[in-house]
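Q:
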Amino acid sequence: GAVVSQHPSWVICKSGTSVKIECRSLDFQATTMFWYRQFPKQSLMLMATSNEGSKATYEQGVEKDKFLINHASLTLSTLTVTSAHPEDSSFYICSSGLAGNQETQYFGPGTRLLVL
Amino acid sequence: SQQGEEDPQALSIQEGENATMNCSYKTSINNLQWYRQNSGRGLVHLILIRSNEREKHSGRLRVTLDTSKKSSSLLITASRAADTASYFCAMTTGGFKTIFGAGTRLFVKA
């Protein structure tokens, strides 16, 4: 089946630094990828929709200048958390679906970010 | 809130009992999916039900969908301790966007 990978799987950084998280579709082309954030004991919240070759669409309340999304190719989307602060500590998950198939999304394993 | 609603928020049962979780949503959907997540881990896809389907089975799982009430339920029969996890419904709307429910934390006591 389709596989989505994320890198890194976990990262610890100091407050004020920027962190880049990669999301790759390993065996299929993904024109659209989605980024979610999950705080402890909570559900996944959709942050943004990443479109290959165009600007990402952000959900209400998500700062686009804080969470930079780049989808430069059909197999890679990146999320950069700029000037990270402890409140940005969370589990970040990406997902994608097969082109032309709106039924099933494939989720990455997630990236755990801890900002000290 | 962009989330769907789920109840109960938490459920504790004995091994062998059935567990039922409910999900409600607000907008029209293309399909609804149920996922499982063990603590601190990624999502595991359990089952997908399309908007024109009413019931679906997969092993010990039974999912129903009532689009008129905008609700779905997940039934796990003959639960096992290994079923202990959080369960989320996820609604896919037009444009392939998927919104998650708040989740139900299931604890199955051995």
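Top to bottom, those sequences are chains A and B.
First residue of the first sequence: 1, per our numbering; consecutive thereafter.
First residue of the second sequence: 1, per our numbering; consecutive thereafter.
For each residue, glycine too, the CB sits at the ideal point set by N, CA and C.
Fair warning: this is a prediction, and the values are worked out from it, not measured in the lab.
On the DSSP bridge list, what partners appear for Lys20/A?
A: Along the first sequence, read from residue 1 onward, the residue named residue 20/A stands at position 20. DSSP, once it has assigned bridges, lists Thr80/A as partnering Lys20/A.
Q: List the residues of chain A that Thr98/B touches, going by C-beta distances under 8 Å, in chain order.
A: Numbered from 1 along the second sequence, position 98 holds the residue referred to as residue 98/B. Those are Phe34, Leu46, Ser95, Gln105, listed as they occur along chain A.
Q: Helix or strand or just coil, what does DSSP make of Asp7/B?
A: In the second sequence, the residue the question calls residue 7/B occupies position 7. Strand.
Q: If you pair each beta-carbon of the stretch 36-53 of chain A with each one of the stretch 2-19 of chain B, do three or more pairs fall below 8 Å?
A: yes
Q: Once you ignore the five residues that flank Lys109/B on each side, which residues in its own chain have a CB closer than 8 Å to its CB?
A: Here residue 109/B is taken as the residue at index 109 of the second sequence, counted from 1. Answer for Lys109/B: Ser12, Ile13, Gln14, Glu15, Ala81, listed in chain order.
Q: Taking three-plus beta-carbon pairs below 8 Å as touching, is the stretch 107-115 of chain A in contact with the stretch 28-47 of chain B?
A: yes
Q: Between the Cα of Leu113/A and the Cα atoms of Val81/A, Ser95/A, Cys94/A, which residue gives the shortest distance?
A: Counting from 1 along the first sequence, the entry for residue 113/A is found at position 113. The shortest C-alpha separation from Leu113/A is found at Val81/A.
Q: If we call anything under 9 Å between Cβ atoms a contact, is Arg105/B one with Ala10/B?
A: Within the second sequence, the letter at position 105 stands for residue 105/B. Within the second sequence, the letter at position 10 stands for residue 10/B. Taking 9 Å as the Cβ cut-off, Arg105/B and Ala10/B qualify as a contacting pair.
Q: Between Arg24/A and Thr75/A, which are expected to be in contact by the criterion C-beta below 8 Å, what is the C-beta distance as a whole number of angstroms?
A: Here residue 24/A refers to the residue found at position 24 of the first sequence. Here residue 75/A refers to the residue found at position 75 of the first sequence. Correct: roughly 6 Å between the Cβ atoms.
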